[in-house]
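Protein chains in written order, with this note's numbering: chain A, 1 to 110; chain B, 1001 to 1113.
Every residue, glycine too, gets a C-beta built ideally from N, C-alpha and C.
A quick note: this is a predicted structure, and the numbers were derived from the prediction, not measured.
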Amino acid sequence: DVKVTQSSRYLVKRTGEKVFLECVQDMDHENMFWYRQDPGLGLRLIYFSYDVKMKEKGDIPEGYSVSREKKERFSLILESASTNQTSMYLCASSSRYGYTFGSGTRLTVV
Amino acid sequence: GDSVTQMEGPVTLSEEAFLTINCTYTATGYPSLFWYVQYPGEGLQLLLKATKADDKGSNKGFEATYRKETTSFHLEKGSVQVSDSAVYFCALSDRSNDYKLSFGAGTTVTVRA
């Protein structure tokens, strides 16, 4: 069964901490994405990557960065977490056949 | 740019009721259209899709027809079950946006026994 695995289901971090959200896919997909999901706003694209070491800003990249050192792994980094980054974060990978989403990481910044 | 507008929720229904969730879109190109479903505690799953005008996507008793003339892709199910309680997202992807997915705000549906 193909999978996108997000390392943490729930995280609680303090304001100002550096936070890493990890995502691994086992489908050999080239494309990977990070979204955040907020009530009433749907899913908004933070960053995406079409290849190793390649990254592109999405619609709301401010306060985030990403890393893609290996094809299967795409990390989202919050350099200095803030309370307005409390959200559900969803990772996805895609091929020409469609998208596969992870189960999400619910991050709370206190 | 591309955008998706879907019916606001929450929607609460009784079992066996008819469900409609409206979705309209704006796109510069000729998009593919999708409905995704998110069950409690899970990620998004593709429910159905349509890639050209007048296509009908269907799955698990849900249907949606790609209407280019009204730029719509409304989701319908004739008889809902408690297990259909979830958040439903309409989405599109378009070559002009490198086939990235653009999502609507989501509609929370609760079905009561």
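_Considering just the uninterrupted stretch of the beta strand (DSSP E) at ASP26(A), what are its terminal residues?_
Per DSSP, ASP26(A) belongs to no beta strand (DSSP E) and is neither H nor E.
*Assign PHE1089(B) to one of two classes, buried (16 or more other C-beta atoms within 10 Å of its C-beta) or exposed (fewer than that).*
buried
*Pick helix, strand or coil for THR1020(B), following the three-state DSSP scheme.*
strand
_SER1096(B) and GLY1009(B) closer than 7 Å at C-beta_ = no
*asked:* Please tell me whether LEU1044(B) has its Cβ less than 7 Å away from any Cβ of chain A.
replied: yes
*State the DSSP-derived secondary structure class of ARG1095(B), mapped to helix, strand or coil.*
helix
*With a 10 Å radius around its C-beta and 16 neighbouring C-beta atoms as the bar for buried, classify ARG1112(B) as buried or exposed.*
exposed
*asked:* If you reduce the DSSP assignment to three classes, tell me which class VAL52(A) lands in.
replied: coil
*Nearest to ASP1055(B) by alpha carbon, out of ILE1021(B), VAL1004(B), PHE1034(B), GLN1038(B)?*
PHE1034(B)
*LYS1100(B) versus chain A: which residues are under 8 Å apart at the beta carbon?*
PHE33, LEU45, PHE48, GLY58
*Are the C-beta atoms of LEU41(A) and some chain B residue less than 7 Å apart?*
yes
*Closer than 8 Å by beta-carbon distance: list the chain A residues that pair up with PHE1089(B), in chain order.*
GLY42, LEU43
*Consult DSSP for GLN85(A) and reduce its assignment to one of helix, strand or coil.*
helix
*Quick one: using the 10 Å Cβ neighbour count with 16 as the cut-off for buried, is GLY1001(B) buried or exposed?*
exposed
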